[in-house]
Structure formats: C-alpha cells, structure tokens
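Undergrad:
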Amino acid sequence: MILLVDDRPENIIPLKKILELHHFSVDTAESGEEALRKVLKTDYAVIILDVQMPGMDGFEVANAIAGFSKTKDTSIIFLSAVNTDKKFITKGYTSGGVDYLTKPVDPDILVLKVKTLRKLYRQQQELRATQDSLRKEVEVRKQAQEALTEQMQVLQSILSSLPQMAFTIEASGKIEYVNEHWFQYAASSSTFPETHPDDDMYDDWAQAFAAEEELNREVRLKSLNTGDFRHHLLRIIPIRQQGVLSRWIGTFTDIHPQKQAAELLEQQVALRTSELTLKNAELEQTNHELQQFTWVVSHDLKEPLRKIQLLNDTIKEKYLKENPDAVSYLDRSIRSSARMSTLINDLLAYSQLSVPEAFQPTNLNTLLDELILDFDDALQRKGAVVNVGPLPFIDAIPTRMRQIFQNLISNALKFSKESVPPVITIQAERIDTKAIDGNPCPTGPFCRIIVQDNGIGFDEKFLSRIFVIFQRLHTKAHYEGTGIGLAIAKKNIDKHHGLISAQSRIGEGARFILVLPVSQTSLVSAT
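Here the sequence shown stands for residues 668 to 1194, numbered as in our numbering.
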C-alpha cells in the first residue's frame, strides 16, 4: 500500500493514476494530520509526502511518523516544488526520508523508486518474520534443552540410586554417564568392564547399536576387587526423542547368586533324575519278577487245587451218599476250594494288568452284546434285565474293557435286593473334558459311560475303599467274592488314561461312572 500526502488534490490525482497504472494500491491524505491518523491504522510500504503543507508540513509529519514503531520499515519520499535548496534537502533526509524529489517529477523515475522501496519493504517484512520465527525456535530449543537437562539430572539421580550398575551412552556410542557401582568392574567411566572370553557381548552390542534395538543377554564380568567373573544380566534400551535416537540407557544386574543356585538345582535335579531312573529300572525289574512269581505260584496252586476239587467230588459221589453229615462237610470243603480257585484266577488277572497292550478301535456295543451272552444263565436265574444304550467307538484294549464291564455287571447281579429282579442300565454320552461332571458335547474328546443298577447300594463314605484290592464292604457269609473285581476295573481304567467313580445310597442302587478318551492318539499328542 502506497500513501500520497498533499494538500492539493490536483497534485494527488495524477500521481495516484500513474501508480495505479503500475498495479500499486494507493491511499491518499490531504493534510499531515489525516496522514498520521491513517498511518496509525494501516501499514504502508512507501509514503510520498509533500513538504509544504498548511498546518503540519512534511518534515513535521515525517518526524512524527519516525516515532511510530509500526512504521520502522516504511520509506518516505519527499516531494517539493519550492523548497529545493540544499538545506531543505538535508532536513528531509534528517527527518527520516529516504529520498527528496523536486517537482515536476519524472513519473518513470518515481515509479522505479517506489517499486524498489516497496520491494525493500517486503524483504524487510520477510526478514523480520524470519527473525521472529528464529527467535521463537531458539526459545523453544532453549526450553527443550533446559527440560532435557532437568530430565537428565533426574535420570542420573535415579540411576545413581539403583543397586546395580547403570550407565547411559550417547547416540554416537560414547559413554555419557555411569553410577558408582560401575567402578567395581571398570577402571574408568570411559571404558567398559572386562568380560569373560566366552561371553563376547560386544558383537551383539554392535548389532543392536546398528539396528537401534533393545539388547538383553547374560554376561560374566570380571570384578576388579577379587578378579572373579560374576554373572550379570545386561539390558540396554534405546531412547528416542521425536523418533530420533538420542541415547542408550543400560544396566548390569548381578545375578550370580541366582545363577549359582540354578546350577546347583540343575545338578540336584540331574542327580535325582538319575537316581529315579535307576530306582524305576529296579522297580520295573522287581515288578516283572513279582508278576512272574505270581503267575508261577498261581499256576502251581491251581493244579493241586483242581485235583482236590476232583477228588472231593469223586468221594462225595461214590462213598458218602449215605452219610449226610459227611456230605455237608465235604460240600463246605468243595465251596472253599471253589473260592480259592476264584481268588487265584483274580490274582492272575490282576498280575497281568501291567503287561503292555496295544489300543485298537473298539465297538463297545458289540463287546457288551458278547459279554451279556456269557451272563445268560445268571440273568435268567435272577430274572435280571440289562438295558444297553448306544455306545461309541473308542480306542481301547478289548480284553480290558471286557474285564471292566464283566466286574460291574457281576457286582450288580451279586449285590441285588432279595425278591427284586435286577435292572442294569448302561448308557453313554460324549463330554468336553476329562472330568466326572464334564459338560455334554456331541463332538467332545471324551465319553462318559454310566452303569446303573437297582441293588442294595452302599454308603458313599466308603467310596475310597471300594477300588482298593482286597477291600470288601460285606462279609463273605452274605456275599461271595474276593475283593479284587473293582480294583481290576480301576487299574484297567487307569491303563486307558480314564477316570472311574461311583455314586450310591444304601438301598437305592449304585451308579458307576467311567470317563474314557475317545482317541488315545489325540490324547497322547495333546499331552
């Protein structure tokens, strides 16, 4: 914006036209007082000021404008047709003018001067804006530096209070700060501690430094006091400001006691493992010998027992038919021999449970159908009914599963109520977990099989006893048996990686619950 100041409109109009033809924005004032009022409100690049005006002359206006801070970059050109002496020209320059032109003015010269002064004004404005921006940036950086210095002081005070070695490293790799613990392992604050020859951490540190990544590793440092190498955990993390790496912060934490304890524990574990392996081998050998012994003894007992039973039957039929008392005593002997034979057979079966056998896909419905045929006579004598629901195919050992169901059905028939036909129900469902109370799931990895009867039942406080070998809840006088059947069932269930439990009340029957994996392969892979 250009301001023309002249008390005569006939002088202002032609100058305004000339300047507007050269694309200048022009404002006018017809007195010094009006010019001052406009200067206070508007920024002007150049003021063209007539010297001789009524009221305030040009020199007085120029002096007044020079006192305004906002016009420090504004250029003043004096115009005069009368005051052309050297003293007036000198006064114009001393009043703050940058040029003094006499009328008539050459329009081209005036336009060139105005263009030059306007350009100078704009450059001064840009320079001033740049200076202000730089001043603000310097102030921001100064504040940031002060904040950083304060943060570093806080950081260093924190690092100095740590119980482990702590240090900071500049982005260039030079050590910046170390706390007092550093000097237990390093001779100076500018050198790193000596590491064990087998723990060259500096290659790892160089890679982390190049990638600007965190580094964590164990390292052994040489103590300056004892000369021993102690285990430490090194951790170095990069610190960034506005995405640019500024420094590294690191610590060496003494883990020597923990390392020694861990090594001692590993040695003890290895020793204990070796001892357990040896004991296990001895136990397996003893178990094998015990199985052989049981089988041999049982086999050797069965032969004379068969002869005793045969001879008792022969004597009874041929020689004692006429003597009721002798027959009674001999029947007791025959029954005792039968119980002994059953016990020997059960012992043989129990001793064979530890023999490894392969799992195979097994149709439990087919297995039960065949088993129930073997109970046909007993079922008819008791008037018993066995209801079998749909059972799944599972990976199993068929002979072992047969033993389980055989013992459960046999117990249901044996412990039935007098004058009440036994009803045995066998049903199954898939469940989601290996638990007695697992939730039903059509595709679950386990199946729950329930064998339920309407017999005499038992008190659940004896639940922990019924699966223990030779444990009986009833006397032989009331119910025959060896006390091995449920122990065989439990051991077979364990062999199938399953669970067995029971629920019962006296006089309300019993529910035996079996939980078995559907697939032994998936179970092994999952474990």
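Here a beta-carbon is modelled for each residue, glycine too, at the ideal position from N, C-alpha and C. All values derive from a computational prediction rather than experimental measurement.
(1) Between the C-alpha atoms of His923 and Ile1103, what's the straight-line distance to the nearest angstrom?
(2) Report buried or exposed for Lys1158, applying the criterion of at least 16 other Cβ atoms within 10 angstroms of its Cβ.
(3) Hey, would you say Phe745 sits closer than 8 Å to Leu716, going by beta carbons?
(4) In terms of alpha-carbon separation, which member of Ile1155, Pro721, Asn1078 and Ser692 lies closest to Asp710?
(5) Exposed or buried, what is Val1108 when buried is set at 16 or more other beta-carbons lying within 10 Å of its beta-carbon?
(6) At what residues does the beta strand (DSSP E) containing Asn1196 begin and finish?
(7) Whose C-beta lies closer than 6 Å to the C-beta of Val1118 among residues of the same chain, with five residues either side of it excluded?
(8) As a quick exercise: from Asp992, Gln818, Met832 and Gly699, pick the residue whose alpha carbon is nearest that of Glu847.
(9) Within the same chain, show all residues whose beta-carbon is closer than 6 Å to that of Ile679, passing over the 5 residues directly before and after it, in chain order.
(10) From Phe859 to Ala853, what distance separates their C-alpha atoms?
(11) Need the endpoints of the beta strand (DSSP E) that Met832 sits in, please.
(12) Grouping DSSP H, G and I as helix and E and B as strand, with all else coil, what is Phe1082?
(13) May I ask whether a heavy atom of the ligand FAD can be found less than 7 Å away from the beta carbon of Ile1098?
(14) How is Val732 classed by DSSP in three states: helix, strand or coil?
(15) Once you ignore the five residues that flank Lys638 on each side, which residues in its own chain have a CB closer than 6 Å to its CB?
(16) Which class does Lys739 belong to by DSSP, given the choice of helix, strand or coil?
(17) On a CA-only basis, which of Glu1085, Gly1152, Ile836 and Glu687 is nearest Gly1050? Give me that one, please.
(18) Let's test the definition: count the other Cβ atoms within 10 Å of the Cβ of Tyr869 and tell me whether it reaches 16, buried, or not, exposed.
(19) Quick check: the segment 711 to 730 against the segment 758 to 772, are at least 3 beta-carbon pairs closer than 8 Å?
(20) Using the rule of at least 16 other Cβ atoms within 10 Å of the residue's Cβ for burial, across every protein chain shown, is Arg1067 buried or exposed?
(21) Could you tell me the boundaries of the alpha helix (DSSP H) in which Arg795 lies?
(22) Quick check on the burial criterion: 16 or more other C-beta atoms within 10 angstroms. Buried or exposed for Asp1062?
(23) Give the secondary structure of Lys708 by DSSP, where H, G and I count as helix, E and B as strand, and everything else as coil.
(24) Assign Thr1026 to one of two classes, buried (16 or more other C-beta atoms within 10 Å of its C-beta) or exposed (fewer than that).
(25) Taking the DSSP output, what are the residues bridged to Ile903?
(26) Thr769 and Ser747: beta carbons closer than 8 Å?
(27) Rounded to the nearest angstrom, what separates Glu843 and Arg914 at their Cα positions?
(28) Can you tell me which of Phe834, Ala838, Gln851 and Ser839 puts its alpha carbon nearest to the alpha carbon of Val845?
(29) Which partner residues of His898 appear in the DSSP bridge assignment?
(30) The alpha helix (DSSP H) with Ile680 in it runs from where to where?
(31) In the DSSP assignment, find the beta strand (DSSP E) that holds Trp1063 and state where it starts and stops.
(32) Taking the alpha-carbon positions, what's the Ser1208 to Leu888 distance?
(33) Of the choices Glu804, Ala796, Phe1072 and Glu837, whose alpha-carbon is the least far from that of Ser857?
(34) Could you name the residues that DSSP lists as bridge partners for Thr769?
(35) Measure the alpha-carbon distance for Val1055 versus Asn1032 and round it to whole angstroms.
(36) Applying the 10 Å Cβ sphere with the 16-neighbour rule, what's the burial state of Lys780?
TA: Checking against the coordinates, here is how it stands:
(1) 48 Å
(2) buried
(3) yes
(4) Ser692
(5) Per the sequence shown, the amino acid found at residue 1108 is Cys instead of Val. Classification of Cys1108: exposed, given that the 10 Å Cβ count is below 16.
(6) The displayed coordinates of the chain run from 668 to 1194. Any statement about residue 1196 would go beyond what the structure contains.
(7) Leu1075, Ile1093 and Phe1179
(8) Met832
(9) Leu671, Asp673 and Thr695
(10) 6 Å
(11) Met832 to Glu837
(12) coil
(13) Ligands are entirely absent from the displayed structure, and the ligand FAD is therefore not among its contents.
(14) Note that residue 732 is Ile in the sequence shown here, rather than Val. In this structure, Ile732 counts as helix in the three-state DSSP scheme.
(15) Here the chain has residues from 668 to 1194 only, and residue 638 is not among them.
(16) coil
(17) Glu1085
(18) exposed
(19) yes
(20) buried
(21) Pro774 to Ser828
(22) buried
(23) helix
(24) Position check: residue 1026 holds Phe in this sequence, whereas Thr was assumed. Classification for Phe1026: buried.
(25) Leu882 and Gly917
(26) yes
(27) 9 Å
(28) Phe834
(29) Arg887
(30) Pro676 to Leu688
(31) The amino acid at residue 1063 is misidentified as Trp; the sequence shows Ala. Start and end: Phe1060 to Ala1063.
(32) Residue 1208 is absent from the structure shown; the chain starts at 668 and stops at 1194.
(33) Glu837
(34) Ser747
(35) 8 Å
(36) buried
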